[in-house]
Amino acid sequence: MSTAIWWVRRDLRLDNNPTLRRAVETGLFVQPVFILDPALLNDDAPPRQSFLMEGLAALNALLRQRGSYLLLRHGEPIQQLALLARELEASIIFAEEDYTPYARRRDAVATQNLPIQWVTGLTALHPASVVKVDGSPYTVFTPFMKAWKSMPSSLTGEWKAPAKLAGPVSIESHPIPSFKKNTIFPATQPEAEKRLEGFIDDGLFSYAESRDRLDLDGTSSLSPYLRFGLISIRQLFAATEQAKQQAPDSAATKSAETWMNELIWREFYQSILYHFPFVTYSAFNPRFRAIPWRDAPQDLLAWQQGRTGFPVVDAAMRQLSTIGWVHNRARMIAASFLAKDLLINWQEGERWFFNHLVDADIAANNGGWQWTAGVGTDAAPYFRVFNPTLQGIKFDPEGNYIRRWVPELANLPTKLIHQPELMTALEETRYNVRLGRDYPRRIIDRSQTRERTLNAYQLSKDGFTQPYS
DNA sequence: TTTTGAGTTGTTCGA
DNA sequence: GTCGAACAACTCAAA
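Numbering of the first sequence is given in the working numbering, commencing with residue 10 and proceeding in unit increments.
The following block contains the structure:
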């Protein structure tokens, strides 16, 4: 009997895995394979790399319970797969589609050289299937969302991996590189399931009102699990749809709807990346490709290190470097500050986030940055500049988010924590915080930055003469 | 082809 | 403290 290879990529789970399911349904022996691609392994993103390794170890443990194992190799993926296919006498390979430019180049080579079958699973719906009647892609979220919801459901119900997954032969596997266990986001499938259950039970129906609160756990915190496929996006949609049927009131229904739309945002940005791969190196909107960004390495450094003197921005940036995850609103506040207050190229911020976030996904990270910088699809109007003080007061009313991540301000009363620069000398002594010594003074005066930014964006717009295409 | 309605997440100013 | 308008006029999607 021949073998089917399940090429594991960013679908590190057994249950509700459409790719594994396809492989199992061939009736062949299924051998799970993961290739560590040196081109994707670097030391720029330690939290994500570590999460991946932990996820691989957890997947291997699950497989061993079923008499199988994760066959791991290092090297150029297509070459390694070709070698393995020969060693295993495999007649077919199944893999989940991935839409980054790098993945698509690699996978095109795989299609030409290997007996490979592609399965949609990174998104609930294939990006090429949610398009306008003329076949062109959506570039505005709301029409995309409506079209997405009108599509026939792709939900196929729960699928549990078989209790036995033994392959015919055991061939040598390279060891999984060492990693540091993530104490905040344990990279296991049961942990992801637990979080989903917890969020559906207690969180989903209040999501609309609490999701923006920086000081509460109002979000699902599932993003790292979605990023590496420790949980299935279709399972999230199905669980949400099911819970929505039992919503106790219209507010709860609305909350479930809001959460579902967030998941559709994820589908939207995957679709944007699929149809417009140039967004990885260029603003989506050609009018905003000539903004005269500031070259301000000191300001960039202060932003990266959480030393801007704007408490909520600093809290976000320190949360990022400490745990590799940041509340979505805090991401927007920090991103808006970099692009629209410091007038530093959003791509600098995109890269920093990408290297530090445990959940960083090219499509979502890029989409979020382009949106916040006002240069992307359906973007925030460019004159919309977040005021970090107001955002802090509104979404961290007691200042507890700031106290947690900027501990030198923890003693300040709520009245001052969003504006430590208003402290009198007496208050500095009383709370034992000296500005410029214990906490930085503001690195910019925001009263001028809005106009500076509007001018810079206007210049780019005015200089743009090519027709929009 | 032309027209029309709509478009995630804000801030500031002045009444 | 609250409210509406301005920000700047724009593009997208669908009828």
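A virtual CB, placed ideally from N, CA and C, is assigned to each residue, including glycine.
Beta-carbon proximity of residue i to residue j, cut-off 8 Å
i: LEU480; j: PHE362; result: With the chain covering 10 to 478 only, the question about residue 480 has no answer from this structure.
i: GLY238; j: LEU21; result: yes
i: VAL128; j: GLU105; result: yes
i: PHE46; j: ASN364; result: Strictly speaking, residue 46 in this sequence is Asp, with Phe absent from that position. Contact flag unset, no.
i: THR28; j: PHE150; result: no
i: PHE38; j: LEU81; result: no
i: ILE353; j: ASP308; result: yes
i: ALA324; j: ILE411; result: yes
i: THR267; j: ALA217; result: yes
i: LEU174; j: ARG30; result: no
i: LEU9; j: ILE240; result: There is simply no residue 9 to check, as the chain begins at 10 and stops at 478 in what is shown.
i: LEU310; j: THR109; result: no
Of the residues the options, the one placed nearest residue i, counting alpha carbons only
i: ALA66; options: GLN40, PRO295, PHE188; result: PHE188
i: ALA550; options: GLY144, SER280, ASP224; result: Only positions 10 to 478 of the chain appear in the structure, and residue 550 is not among them; the question remains open.
i: SER469; options: LEU431, PRO301, ILE452; result: PRO301
i: GLY377; options: ALA292, ASN441, SER59, PHE319; result: ALA292
i: ARG296; options: ALA465, GLN307, LYS424; result: ALA465
i: ASP107; options: GLY130, ALA91, PRO86, GLN126; result: GLY130
i: ALA48; options: ARG115, THR197, HIS336; result: ARG115
i: PHE319; options: PRO199, GLY445, LEU205, HIS336; result: GLY445
i: PRO136; options: TRP274, GLN400, GLU206, GLY166; result: TRP274
i: LYS263; options: ILE125, LEU282, ARG220, ARG73; result: ARG220
i: GLY408; options: ASP224, GLU34, GLY64, LEU79; result: ASP224
i: ALA256; options: THR228, LEU72, GLY212; result: GLY212
i: ALA133; options: GLU96, ASP24, LYS158; result: LYS158
i: PRO286; options: ILE371, SER100, PRO152; result: ILE371
i: SER215; options: GLU206, THR228, ARG204; result: THR228
i: SER203; options: ALA170, ASN420, LEU245; result: In the sequence as displayed, the identity of residue 203 is Lys instead of Ser. Answer by Cα proximity: LEU245.
i: ARG451; options: PHE395, THR317, GLN428; result: THR317
i: GLU460; options: LEU351, GLU98, GLU206, ILE185; result: LEU351
i: GLY144; options: HIS284, THR423, VAL288; result: HIS284
i: PHE395; options: THR381, GLY385, ALA305; result: THR381
i: LEU93; options: PRO171, THR12, ASP454, ARG73; result: THR12
i: LEU79; options: HIS183, ALA260, ASP304; result: HIS183
Exposed unless 16 or more other CB atoms sit within 10 angstroms - verdict on residue i
i: PHE346; result: buried
i: MET160; result: exposed
i: GLN121; result: exposed
i: ILE180; result: exposed
i: GLU359; result: buried
i: TYR290; result: exposed
i: GLY383; result: buried
i: VAL118; result: exposed
i: SER456; result: exposed
i: ASN69; result: buried
i: LYS349; result: buried
i: PHE277; result: buried
i: GLN467; result: exposed
i: SER77; result: buried
i: THR433; result: exposed
i: SER59; result: buried
i: GLN198; result: buried
i: SER478; result: Note that SER478 has pLDDT 31, beneath the 50 cutoff, so the model's placement of it is unreliable and the number below is only indicative. Result: exposed.
i: GLY385; result: buried
i: ARG236; result: buried
Contacts around residue i, its chain only, beta-carbon distance under 8 Å, and the 5 residues preceding and following it disregarded
i: TRP334; result: ILE193, PHE194, SER230, SER232, PRO233, GLN328, LEU366, VAL367, ASP368
i: VAL322; result: TRP312, GLY315, ILE342, ALA343, PHE346, PRO397
i: ILE209; result: ALA248, THR249, ALA252
i: ILE87; result: ARG115, VAL118, ALA119, ASN122, LEU123
i: ARG443; result: GLU437
Contacting residues, own chain, Cβ-Cβ under 7 Å from residue i (five flanking each side not counted)
i: GLY472; result: ALA299
i: ASN270; result: MET154
i: ILE1; result: Residue 1 lies beyond the range of the chain shown here (10 to 478); nothing can be said about it.
i: PRO476; result: Note that PRO476 scores 38 on pLDDT, short of 50, meaning its location in the model is unreliable and no value can be drawn from it.
i: TRP414; result: ALA324, ARG327, GLN328
i: GLU63; result: PHE188, LYS190, ASN191, ALA196
i: GLU167; result: ASN25
Cutoff 6 Å; reference residue i; Cβ partners in own chain excluding five residues on either side
i: THR474; result: Note that THR474 scores a pLDDT of 48, beneath 50, so its modelled location is shaky; the value from the coordinates is reported in the next line. Taken in chain order, the list of residues that qualify is empty.
i: ALA247; result: LEU164
i: PRO56; result: GLY333, VAL367
i: LEU50; result: none
i: VAL17; result: PRO41, PHE43
Distance cut-off 7 Å: residue i Cβ against heavy atoms of the ligand GTP
i: SER182; result: As far as ligands go, the structure on display features none, and thus does not contain the ligand GTP.
Pick out the complete alpha helix (DSSP H) segments inside the segment 188-244, 4 residues or longer, and give them in chain order. 198-210, 216-219, 232-236
In chain order, which alpha helix (DSSP H) runs of at least 4 residues are fully inside the segment 290-339? 306-314, 320-332
Just list the alpha helix (DSSP H) runs in the segment 140-184, keeping only unbroken ones of 4 residues or longer that don't cross its boundaries, in chain order. 150-159
Write down every uninterrupted run of the beta strand (DSSP E) in the segment 364-430 whose length is 3 residues or greater and which is fully enclosed by it, in chain order. Annotation note: the segment 364-430 contains no uninterrupted beta strand (DSSP E) run of length 3 or greater.
What ranges does the alpha helix (DSSP H) occupy inside the segment 16-72, keeping only unbroken runs of at least 4 residues that lie completely in it? 27-34
Contained beta strand (DSSP E) runs [length at least 3] in the segment 74-147, N- to C-terminal order: Counting only unbroken stretches of 3 or more residues, the beta strand (DSSP E) elements lying wholly within the segment 74-147 are 80-83, 99-105, 125-128, in sequence order.
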